[in-house]
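Quick notes on the structure that follows.
Residue numbers (the numbering used here), protein chains in the order written: chain R, 9 to 473; chain H, 9 to 473.
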């Protein structure tokens with residue numbers, strides 16, 4: 009019996025080696041490792057994100073600045089040697105922040121640090137918006153409020169700071185107050201809604217972000233997020249029994265239709281040009297910071313990875329497509345447009361993944377590909393393991409926000425998970441600026457992405473079921 | 009010879025013990041150690057700084073809020089059992105920040121995060137202040153500029169972030185651009201001066217602070233500090249050869265005379281009521297944050313230390329005086345008033361010290377007292393050494409900003425040096441809020457201060473020459 013097991017094991021070893029060989033030729037393996045080393049030594053991603061944040065600056069979806077970003081993306085793609093550079097344009101409703109102030113007027117006067125949430129209405133032009141607040145410890149308390157019970161009041165939802173975690177699990181629960189709070193404040197007749205920012209930091213920065221429309225309806229009242237320290241302050245005053253009043257001015261609102269677009273950069277495959285490996289990030293950013301970690305980093309990481317592959321003597325087997333999605337922050341509008349515009353091509357999308365969780369080190373590779381394709385992802389995992397990246401499961405759907413519409417239509421996905429423990433300190437704040445990116449961590453990202461992208465395009469493996 | 013040395017050493021040991029006994033009675037030693045233990049276990053300082061920052065909030069020198077802070081200080085002193093509670097009122101010129109915005113208008117439009125410096129003038133009412141900047145790498149470059157060479161321009165002094173150090177040595181050099189930059193910008197005819205904030209952080213907060221008048225003259229132009237990340241951004245654009253323009257609106261300015269005052273809380277000495285051990289902090293704060301680390305912490309630490317001593321069965325030998333100085337930030341006006349109003353008493357001030365460098369752990373005890381008094385400071389140093397505090401030299405003048413006018417008139421000083429490595433991250437920013445204070449570090453401060461204050465008041469030692 010023991011003898012038999014040994015024979016089987018001996019027989020399996022060459023089989024395993026053969027399987028490995030089938031997935032990964034020595035040439036592909038060597039090229040991937042060389043690209044990884046080059047990426048670790050390259051400043052290209054840094055140069056890209058520095059250029060985007062400095063030369064273009066903040067780039068709100070639908071703004072003139074986002075249009076400049078598309079021109080920048082097109083010029084970058086041409087300079088880096090992509091074979092096809094195009095822009096898919098689309099229209100979208102345009103929301104602008106305008107000017108605002110939020111001041112506590114009782115128990116004493118103190119400026120608060122707040123900002124309008126995306127989709128917020130302006131304060132009334134003809135009268136002052138100054139009122140006592142109704143304090144809600146959690147968004148659930150506001151959801152439970154009776155109709156018309158907040159007339160003449162400003163609703164304040166306290167809640168808690170995001171619990172910081174590696175994968176950002178704290179975001180969803182905390183985000184409910186930002187997403188749907190307004191629907192209940194408005195139902196109850198409140199003059200405005202103020203919420204604790206959805207952030208994990210303790211700095212005096214408000215975090216903006218989009219609300220969720222009710223059907224196609226947006227808020228008719230101003231909806232403002234204040235910083236965590238300001239919310240702490242209001243909580244303490246409320247606990248001490250103070251009657252708190254606020255004065256709100258905001259000129260936020262919808263400004264009609266505007267233009268956005270996705271920038272599409274292709275390296276055309278040498279053997280199967282119709283089969284697409286899609287990577288990318290989103291080009292738009294919120295307007296408060298310069299969109300460095302959200303998502304200049306993702307644009308830089310994926311573009312740099314593809315640009316390194318563009319320097320190889322020959323194109324990989326399949327087409328590598330970098331998409332710089334427009335209008336992500338305001339509701340995945342560029343992602344929806346991509347899935348619609350390229351609907352006929354989606355069946356040829358072999359794999360898709362977005363980098364959109366900051367600029368921290370990648371620590372895990374997860375995927376959602378066919379059984380046949382899984383050994384290739386495992387092989388990629390082995391090559392990038394020395395970067396400090398663990399191979400996670402093949403049962404993890406995802407790929408990033410802008411990938412979700414195509415993933416819903418059957419495109420396989422992979423996810424290079426970044427450490428986002430600090431991500432929600434900066435997310436959607438004025439503090440999302442270039443200095444927050446660590447060049448070494450950025451290069452680690454490019455090193456992982458270049459291996460993934462090159463091998464996904466080069467290997468003779470079907471990632472689709 | 010060896011025998012003689014041994015005899016001398018044996019003879020010296022009891023002498024040293026006797027000297028020690030002379031400085032510090034067993035009762036005083038035991039009381040000091042008991043107070044230290046109580047302080048480490050007490051929440052009093054936290055409660056005081058929470059109350060000040062929450063119930064009073066920001067308290068700009070000369071404002072209605074600073075007047076409320078004096079009322080708060082008086083009520084606190086009465087509640088904590090001080091024997092005498094009084095307020096020395098004085099007048100001062102009152103400067104207000106007003107509203108402001110600073111926007112980069114070329115090479116593209118981007119809001120900058122800036123704030124007026126103390127003493128800044130408003131922007132012109134009748135015309136727009138929009139102009140190209142003249143870039144100066146350092147304040148020295150601006151100082152060297154020719155008269156009338158900046159007409160129609162906005163001067164921008166880049167400089168560098170403060171180098172973070174334990175004792176804050178980086179502040180003085182960096183502060184020159186804030187202090188005197190305006191004098192040269194104005195001499196050269198600039199329409200405004202913008203400077204990189206004097207701070208060590210990389211957050212999108214401007215640091216305010218007072219400029220230095222030229223004689224009795226203040227700036228006639230707006231003077232604005234922008235955050236470090238904003239200055240980095242401008243530096244990169246300048247390096248890329250961009251022509252940079254800015255638009256500045258500010259309603260800052262002097263608003264006539266107003267009132268301020270020092271709150272004086274005394275524990276009257278049981279044997280030598282005329283001899284004073286003076287401790288304290290400053291009650292005013294800048295208006296952007298809530299003045300937690302600057303200097304709510306100092307008020308809390310010193311008041312809590314004295315309040316613990318007030319609980320003893322009998323008062324210490326000398327009077328302990330806690331002074332909550334007014335109008336420190338705007339030019340040590342409360343400190344000058346104290347030295348003038350109490351000029352006749354100053355000869356009886358045995359020792360003075362202020363806590364005004366944040367809320368970080370104390371790591372060193374330095375002094376500037378008589379030879380006769382030095383052994384007592386050494387004895388205090390030995391008691392507080394287990395708190396992680398090193399005894400430094402007796403050749404270190406100081407005592408804190410509000411002590412300087414009385415130190416200049418011969419009052420001996422001591423300094424419990426805090427670790428200020430992070431202090432200039434928060435200093436004079438909107439981010440100076442309660443959450444930045446670590447309760448354990450605050451308690452460590454009180455423990456050191458209570459030992460110093462009690463023994464300085466109790467020991468029969470002359471600190472004056």
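From the three backbone atoms N, C-alpha and C, an ideal C-beta is built for every residue, glycine too.
Do residue 262/H and residue 294/H come within 8 angstroms of each other at the CB atom, strictly closer than that value?
Taking 8 angstroms as the Cβ cut-off, residue 294/H and residue 262/H do not qualify as a contacting pair.
With 8 angstroms as the threshold, decide whether the Cβ of residue 461/R is near any Cβ in chain H.
Chain H contact via Cβ: absent.
Taking its Cβ as the centre, do 16 or more other Cβ atoms sit within 10 Å of residue 391/R, making it buried, or is it exposed?
Buried.
Compute the Euclidean distance between the alpha carbons of residue 349/R and residue 216/R, then round it to the nearest angstrom.
C-alpha separation (whole angstroms): 30 angstroms.
Who are the neighbours of residue 210/H on chain R, taking C-beta pairs under 7 angstroms?
By Cβ distance, chain R contributes 443.
Taking all protein chains shown into account, do 16 or more other C-beta atoms lie within 10 angstroms of the C-beta of residue 58/R, making it buried, or fewer, making it exposed?
Residue 58/R should be labelled buried.
Considering only residues of the stretch 340-404 of chain H, which uninterrupted alpha helix (DSSP H) runs meet the minimum length of 4 residues and lie entirely inside it, listed in chain order?
List check, alpha helix (DSSP H) in window: 341-349 and 382-392.
Would you list the residues sitting across from residue 183/H in a DSSP beta bridge?
Looking at the DSSP assignment, residue 183/H forms no beta bridge with any residue, so it has no partner.
Flag this pair as yes or no: are the beta carbons of residue 232/R and residue 252/R separated by less than 8 angstroms?
Not in contact: residue 232/R and residue 252/R (Cβ atoms no closer than 8 angstroms).
Taking all protein chains shown into account, decide if residue 477/R is buried (16 or more other Cβ within 10 angstroms of its Cβ) or exposed.
Look at the range of chain R in this structure, 9 to 473, and you will see that residue 477/R is not part of it.
So, does the CB of residue 453/H fall closer than 8 angstroms to a CB anywhere in chain R?
Answer no: the Cβ-Cβ gap between residue 453/H and chain R never drops below 8 angstroms.
Can you give the Cα-Cα distance for residue 60/H and residue 333/R, rounded to whole angstroms?
So the alpha carbons of these two residues sit roughly 48 angstroms apart.
Short of 9 angstroms Cβ to Cβ, which residues in the stretch 236-263 of chain H face chain R?
Going along the stretch 236-263 of chain H in chain order, one finds 236, 237, 238, 240, 241, 244, 245, 248 and 250 with a Cβ nearer than 9 angstroms to chain R.
Around the C-beta of residue 494/R, are 16 or more other C-beta atoms found within 10 angstroms, so that it is buried, or is it exposed?
Absent from the structure is residue 494/R, since the part of chain R shown begins at 9 and ends at 473.
If you follow the beta strand (DSSP E) that residue 274/R is in, where does it begin and where does it stop?
Start and end: 261-275.
Starting from residue 118/H, find everything on chain R with Cβ-Cβ shorter than 7 angstroms and list it in chain order.
Within 7 angstroms Cβ-Cβ: 65 and 66.
Between the stretch 72-89 of chain H and chain R, which residues of the former have a C-beta closer than 9 angstroms to a C-beta of the latter?
Answer in chain order: 72, 73 and 76.
Mind pulling the chain H residues with CB within less than 7 angstroms of residue 438/R?
Within chain H, the residues near residue 438/R are 121 and 212.
Could you check how far apart the C-beta atoms of residue 230/R and residue 193/R are, in whole angstroms? I think they sit under 8 angstroms.
With 8 angstroms as the limit, residue 230/R and residue 193/R do not qualify as a contact, their Cβ atoms being about 10 angstroms apart.
Looking at C-alpha atoms only, which residue of 270/R, 84/R, 411/R and 305/R is the closest neighbour of residue 335/R?
Checked all of 270/R, 84/R, 411/R and 305/R; the closest Cα to residue 335/R is 270/R.
For residue 223/H, does the count of other Cβ atoms within 10 angstroms reach 16, so buried, or fall short, so exposed?
Under this definition residue 223/H is an exposed residue.
Suppose contacts are defined by Cβ-Cβ distances below 8 angstroms. Is residue 434/R in contact with residue 444/R by that definition?
Cβ distance < 8 angstroms, so residue 434/R and residue 444/R count as in contact.
Between the Cα of residue 8/H and the Cα atoms of 410/H, 354/H and 344/H, which residue gives the shortest distance?
As shown, chain H starts at 9 and ends at 473. That puts residue 8/H outside it, with no answer to give.
Three or more beta-carbon pairs under 8 angstroms between the stretch 231-247 of chain H and the stretch 164-172 of chain H, yes or no?
Result yes; three or more Cβ-Cβ pairs closer than 8 angstroms.
Taking C-beta pairs closer than 8 angstroms, name the residues in chain R that residue 62/H reaches, listed in chain order.
Within 8 angstroms Cβ-Cβ: 241, 244, 245 and 248.
Taking the Cβ atom as the reference point for each residue, do residue 264/H and residue 437/H lie within a distance shorter than 8 angstroms?
Against a cut-off of 8 angstroms, the Cβ pair of residue 437/H and residue 264/H comes out as no contact.
Per DSSP, what kind of secondary structure is residue 204/H in: helix, strand or coil?
Correct three-state label for residue 204/H: strand.
Run through DSSP, which three-state label would residue 232/H get?
Residue 232/H: strand per DSSP, three-state reduction.
Provide the residue(s) that pair with residue 257/R in DSSP beta bridges, ordered along the chain.
BP columns for residue 257/R point to 109/R.
Per DSSP, what kind of secondary structure is residue 143/R in: helix, strand or coil?
Reduced to three states, the DSSP call for residue 143/R is strand.
Starting from residue 103/R, trace the beta strand (DSSP E) in both directions and tell me its first and last residue.
92-104 is the span of the beta strand (DSSP E), which, as asked, contains residue 103/R.
With a 10 Å radius around its C-beta and 16 neighbouring C-beta atoms as the bar for buried, classify residue 319/H as buried or exposed.
Its Cβ having fewer than 16 others within 10 Å, residue 319/H is exposed.
How about residue 359/H and residue 454/H: are their beta carbons less than 8 angstroms apart?
No, they are not a contact pair.
Could you give the first and the last residue of the continuous alpha helix (DSSP H) run that contains residue 57/H?
Taken as a continuous stretch (DSSP letters only), the alpha helix (DSSP H) holding residue 57/H covers 52-59.
Where does residue 438/R sit, in a helix, a strand or coil, going by DSSP?
The answer is coil: DSSP assigns residue 438/R none of H, G, I, E or B.
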